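To keep things clear, I will list the structure first and then write my remarks on it.
Residue numbers (the working numbering): 55 to 1067.
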């Protein structure tokens, strides 16, 4: 049976229309973004999820935010990442190997220092400067690498051995080995090598090489260049230059063409690289043909360039490398345009504006109102007019009612649907528009002001609110308007914004002046104001998910919930993470989640879980800023939000959250300005040690989720300072100054674009050692030393006290002996003189003389007894006490002598110096002797006692204005001066006696250092 050509054409066209690849977004990165060069030959995503990019000008690292060119120098100061980087590999230790012109280098992941292969080899073998094209790690952790012209090499995992397979006498002599493009390890010790001259099998157990394409049955495949090997279902897929895709079957050892039709499309191109996505589809990058997606199941091949814009298609035409990350993002390295990031999947958020090709007739993108009718047509109102759009067919029509727009009536506030009509508020007018035609009817309701709110209660009862604050019920069938008054004229609103009707027929009205309500069960046309405490009474929107709790969107204060049953009012805003407090539109989806438009995008809030999900232009929104009144929810649950650059419409259930938590790394740990370590990932357990003056640390970090990195968030804690997490927002760094000595662990966690956090995070532990004087051992030694010193001082004090007690006992004994002798002598004299007086006949007239002597002896005994008692009192031990005693003694002693006695004022500072008991007695006796001599011998009329303290030297002098005497002569004749000098020597003092015809001075100097109290 022959198909009608028309039917066949329809089938072909239909199949082409069904053959769609959904590209959600495509983004290009090049030198303007920090890439070192625009030709990208190799891409690797390592175990940390870091992206490594090999360019024509070295190796680059990418973390979703920054490209870091790694221009490293080795120990010989040679630039290691210069020129082409053809391949990149991660070893089992996490280090990065990269193959470049004339070099094979290992990048140490934590220090980012580089070692050349020759510096790692423990043999005498020296790898010559050859271009390395391919790297591979086998199951035994041996390193294999292929070269351009020198065959391939195997390096043992301990670097003790290196072996070269190539065209030389020691090998097979097969020149096809010299140019290597790929290496793959199969089973039973077999390795498969892609070369410029076919597929080579190495049987390592037998040390045997075999070029499969040299066999007779594959003569037509000889000299075929194989660029990539991918294992697939017990077969090898071989991507070639000029032969399309070939298949090698392990069991049959046959090679055959994959699919004739597909290969016919691919044979004209060089198949540079390939990768398999999560759905089993193979992405192929080519030179000259762009990037293809191969669906093996249905043997279909799609060119990605057919589904992207012209600029991106041009960049894809010359593709050199490709890789797919764990989230499904496709990364393509191009010849001239850097690296492309392709996010697949259907666009869930749809945009209508004049930048979309099919909607170019929209003259102005500022949306004021939008609604969807029962025929799934979107009615869109902008300043330029009213449009009806069929999103499924991407058709748009500007309606004739747009001609009614004038300079003053150019805004549609509301669009509502009743039966087969759309009711539209245009300025002060109501317009009834037919759904299926372009016919309409105008109603001038004369409400007063523009009709800002149109709410359909029934088909014959509309609620109307105006920009002047007027409200009314309107019957569109009878055209009767019944105005509604407010119960308190003082609270009349300025403008009506939104209404909601609950299941008890209470009509809730949101205004610029608070929340009002009307009981529709009551015939009275009165609206009352609900007395609730709102910080902002400007209510822009009202909704409810359960008919019991009202949700109020405000202009400037987030949202409120009001429980109708118990009147409980709650506020939601910044504490819940809302990015903005100005809410334009607020509606509830089928899962009782709230959706809001604002000046900072759209956000979804789940009140039950207290979870917020934000959307912004990076998610496909028309922009950040939306408009009030420009939102609605359709009968089938689709949400529409209009803004300053068009309309977004979507189904909430289609907005799937990214639930995969991202890996997190600490990019850098910096001590002051010095880099300590890079690229710290999960499980790093080394503990770093710093001295007490190394106490300013900075950390840079990144969550390696590439879906929309600008929305990734971070939180951290420094254990040892606080166990609490600190939210860091979008900031990717933190600095800790003046860290005290101790043990610390810095941990940082990050989220993906939907705020799903990696709860484990990544940690860096360190110790800051205190200075030696703050260590426990030093403090222990200090305490022990202090205690030993205290004990020594205590023992010394005890010994000194014992010694002093002994000295005091000795002094007291001497004083007592002296006093006993003097007392006995004077009492004997008193007794003798008394006996003589009794015998008056014997003494006759001398009786008075003996009475005077008795009196003198008694007075002398009195003063000596007083001295004895005073000397024994330990409270009288200061210099001050001695001076006061001498002053009192002098005042009394000279009072009946006719000699004036003066003492200079005694300084209170003398109280600070204590004198030994022995010193007190000797000083008093020295100066009493001096005073006695003044009365007896000087003939003076005036005497003065002076005390001077100069640092630690105490000087006490007694001066008179008498006749003086010859000092040396009196020393030989008088006992008084001899006694004074003796007493001076006992206390180690310095005595100076100066005498002339103008008077005499006795000066005693003592060193009182160490006797301070």
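No residue lacks a Cβ here, since even glycine has one placed at the ideal position from N, Cα and C.
Just so it is clear, the structure is predicted and the values come from calculations on it, not from any experiment.
* Continuous beta strand (DSSP E) stretch holding residue 494: start and end -> As a working mapping, residue 494 is identified with position 440 in the chain shown. Where residue 494 is concerned, the enclosing beta strand (DSSP E) stretches over 494-498.
* Could you tell me if residue 322 is buried or exposed, where buried requires 16 or more neighbouring beta carbons within 10 angstroms of its beta carbon? => Locating residue 322 in the chain shown gives position 268, counting from the first residue. Residue 322 is exposed by the Cβ-count criterion.
* Asked: Is it true that the stretch 842-855 meets the stretch 809-827, where meeting means three or more beta-carbon pairs spaced less than 8 Å apart?
  -> Too few Cβ pairs lie closer than 8 Å, so no.
* Report the rounded CA-to-CA distance for residue 465 versus residue 444, giving the unit in angstroms. => As a working mapping, residue 465 is identified with position 411 in the chain shown. As a working mapping, residue 444 is identified with position 390 in the chain shown. For residue 465 and residue 444, the distance between alpha carbons rounds to 22 Å.
* Just the Cα atoms here: how many angstroms apart are residue 328 and residue 655? -> Position 274 of the chain shown, counting from 1, holds the residue named residue 328. Position 601 of the chain shown, counting from 1, holds the residue named residue 655. Approximately 38 Å between the Cα atoms of the pair.
* **Segment contact, 8 Å Cβ cut-off, at least three pairs: the stretch 382-399 with the stretch 683-702** => When Cβ pairs closer than 8 Å are counted between the two stretches, the stretch 382-399 is seen not to touch the stretch 683-702, the count staying below three.
* Just the C-alpha distance for residue 147 and residue 211, rounded to the nearest angstrom, thanks. => Taking the first residue of the chain shown as 1, we reach residue 147 at position 93. Taking the first residue of the chain shown as 1, we reach residue 211 at position 157. Straight-line Cα distance between these residues: approximately 12 Å.
* Between which two residues does the beta strand (DSSP E) carrying residue 978 extend? -> Mapped onto the chain shown, residue 978 falls at position 924. The continuous stretches of beta strand (DSSP E) do not include residue 978, which lies in the alpha helix (DSSP H) extending over residues 971-987.
* Beta-carbon proximity of residue 734 to residue 164, cut-off 9 Å -> By one-based count along the chain shown, residue 734 stands at place 680. By one-based count along the chain shown, residue 164 stands at place 110. In contact: residue 734 and residue 164 (Cβ atoms closer than 9 Å).
* Contact check, residue 231 vs residue 203 under 8 Å by CB: the rounded distance? -> For the purposes of this step, residue 231 is identified with residue 177 of the chain shown, where counting begins at 1. For the purposes of this step, residue 203 is identified with residue 149 of the chain shown, where counting begins at 1. The Cβ separation is near 10 Å, so there is no contact.
* Which whole-angstrom value is the C-beta distance of residue 964 and residue 1003, which I expect to be below 8 Å? -> As a first step, residue 964 is located in the chain shown; it is residue number 910 there, counting from the start. As a first step, residue 1003 is located in the chain shown; it is residue number 949 there, counting from the start. A Cβ-Cβ separation of about 7 Å places residue 964 in contact with residue 1003 under the 8 Å criterion.
* When we look at the beta-carbon of residue 395 and count the other beta-carbons within 10 Å, is it buried (16 or more) or exposed? -> Here residue 395 refers to the residue found at position 341 of the chain shown. With 16 or more Cβ atoms within 10 Å of its Cβ, residue 395 is classed as buried.
* Asked: Among the residues of its own chain, which have a CB less than 6 Å from the CB of residue 680, if the five just before and after it don't count?
  -> Translated into the one-based positions of the chain shown, residue 680 becomes position 626. In the same chain as residue 680, and ignoring 5 residues on each side of it, the C-beta atoms closer than 6 Å to its own belong to 638, 651, 695, 697, in chain order.
* Straight-line gap, residue 294 to residue 311 (C-alpha atoms, nearest Å) -> As a working mapping, residue 294 is identified with position 240 in the chain shown. As a working mapping, residue 311 is identified with position 257 in the chain shown. Computed Cα separation, rounded: 11 Å.
* How many whole angstroms separate the CB atoms of residue 771 and residue 780, which I take to be in contact at a CB cut-off of 8 Å? -> For the purposes of this step, residue 771 is taken as the residue at position 717 of the chain shown. For the purposes of this step, residue 780 is taken as the residue at position 726 of the chain shown. Right, their Cβ atoms sit about 6 Å apart.
* Asked: If you run the structure through DSSP and keep just helix, strand and coil, what is residue 438?
  -> The sequence position of residue 438 within the chain shown is 384, counting from 1. DSSP places residue 438 in coil when its eight states are reduced to three.
* **Residues of its chain near residue 402, where Cβ-Cβ distance is below 6 Å and the 5 sequence neighbours each way are ignored** => Walking along the chain shown from the start, residue 402 turns up at place 348. Excluding residues up to 5 positions away in sequence, 704, 708, 709 lie with their Cβ nearer than 6 Å to the Cβ of residue 402 in the same chain.
* Under the rule that 16 or more other beta-carbon atoms within 10 Å means buried, what is residue 512, buried or exposed? -> Residue numbering aside, residue 512 sits at position 458 when the chain shown is read from its first letter. Taking all protein chains shown into account, residue 512 has fewer than 16 neighbouring C-beta atoms within 10 Å of its C-beta and is therefore exposed.
* **Rounded C-alpha distance that separates residue 345 from residue 160** => As a first step, residue 345 is located in the chain shown; it is residue number 291 there, counting from the start. As a first step, residue 160 is located in the chain shown; it is residue number 106 there, counting from the start. For residue 345 and residue 160, the distance between alpha carbons rounds to 31 Å.
* Taking residue 657 as part of the alpha helix (DSSP H), name the residues at either end of that continuous run. => Stepping through the chain shown from its first residue, residue 657 is reached at position 603. Taken as a continuous stretch (DSSP letters only), residue 657 belongs to no alpha helix (DSSP H), being part of the beta strand (DSSP E) at 655-660.
* Asked: DSSP beta-bridge partners for residue 116?
  -> By 1-based counting over the chain shown, the position of residue 116 is 62. The partner list for residue 116 (beta bridge, DSSP) reads 105, 121.
* Short check: CB of residue 616 to CB of residue 569, under 9 Å? -> If you number the chain shown from 1, residue 616 lands on position 562. If you number the chain shown from 1, residue 569 lands on position 515. Contact flag set, yes.
* Asked: Should the stretch 712-719 be regarded as contacting the stretch 674-690, the criterion being three or more beta carbon pairs within less than 8 Å?
  -> In this structure the stretch 712-719 does not lie against the stretch 674-690, because fewer than three pairs of beta carbons, one per stretch, are closer than 8 Å.
* Asked: Can you tell which of 450, 520, 452 has the C-alpha that lies nearest to the C-alpha of residue 482?
  -> Along the chain shown, one-based indexing puts residue 482 at 428. Cα-wise, what sits closest to residue 482 is 520.
* Locate the alpha helix (DSSP H) running through residue 315, then write down its first and last residues. => The sequence position of residue 315 within the chain shown is 261, counting from 1. First-last of the alpha helix (DSSP H) with residue 315: 314-320.
* **DSSP beta-bridge partners of residue 168** => Mapped onto the chain shown, residue 168 falls at position 114. According to DSSP, which records beta bridges pairwise, residue 168 is partnered with 161.
* To do: Name the one or two DSSP bridge partners that residue 525 has.
  => The residue you call residue 525 lines up with position 471 of the chain shown. Residue 525 is bridged to 519, 538.
* Would you call the stretch 188-203 and the stretch 231-243 in contact, with 3 or more CB pairs under 8 Å? -> Contact check between the stretch 188-203 and the stretch 231-243: three or more CB pairs, one atom from each, fall below 8 Å, which counts as touching.
* Mind pulling the alpha helix (DSSP H) runs of 4 or more residues that sit fully within the stretch 322-375? -> Fully contained in the stretch 322-375 are the following alpha helix (DSSP H) runs of length 4 or more, in chain order: 364-370.
* Is the Cβ-Cβ distance between residue 595 and residue 535 less than 9 Å? -> Position 541 of the chain shown, counted from the first residue, corresponds to residue 595. Position 481 of the chain shown, counted from the first residue, corresponds to residue 535. Cβ atoms of residue 595 and residue 535: not closer than 9 Å.
* Just mark residue 332 as buried or exposed, buried being the case when its beta carbon has 16 or more other beta carbons within 10 Å. => Counting from one through the chain shown, the residue named residue 332 turns up at place 278. An exposed status is given to residue 332, since fewer than 16 other beta-carbon atoms sit within 10 Å of its beta-carbon.
* Asked: Between the beta-carbon of residue 752 and the beta-carbon of residue 789, is there less than 9 Å?
  -> Here residue 752 is taken as the residue at index 698 of the chain shown, counted from 1. Here residue 789 is taken as the residue at index 735 of the chain shown, counted from 1. Less than 9 Å divides the Cβ of residue 752 from the Cβ of residue 789.
* Distance, residue 1043 Cα to residue 950 Cα -> Walking along the chain shown from the start, residue 950 turns up at place 896. Walking along the chain shown from the start, residue 1043 turns up at place 989. Taking the straight line joining both Cα atoms gives about 32 Å.
* To do: Give the secondary structure of residue 1085 by DSSP, where H, G and I count as helix, E and B as strand, and everything else as coil.
  => It is not possible to answer for residue 1085, since the shown part of the chain is limited to 55 through 1067.
* Can you tell me which of 182, 235, 244, 248 puts its alpha carbon nearest to the alpha carbon of residue 218? => For this step, residue 218 is matched to residue 164 along the chain shown. Selected option, being the one with the closest Cα: 182.
* Asked: Going by beta carbon distance, what residues of the same chain come within less than 6 Å of residue 209, once the five residues before and after it are set aside?
  -> Locating residue 209 in the chain shown gives position 155, counting from the first residue. Counting only Cβ-Cβ distances below 6 Å, and skipping sequence neighbours, we find 197, 216.
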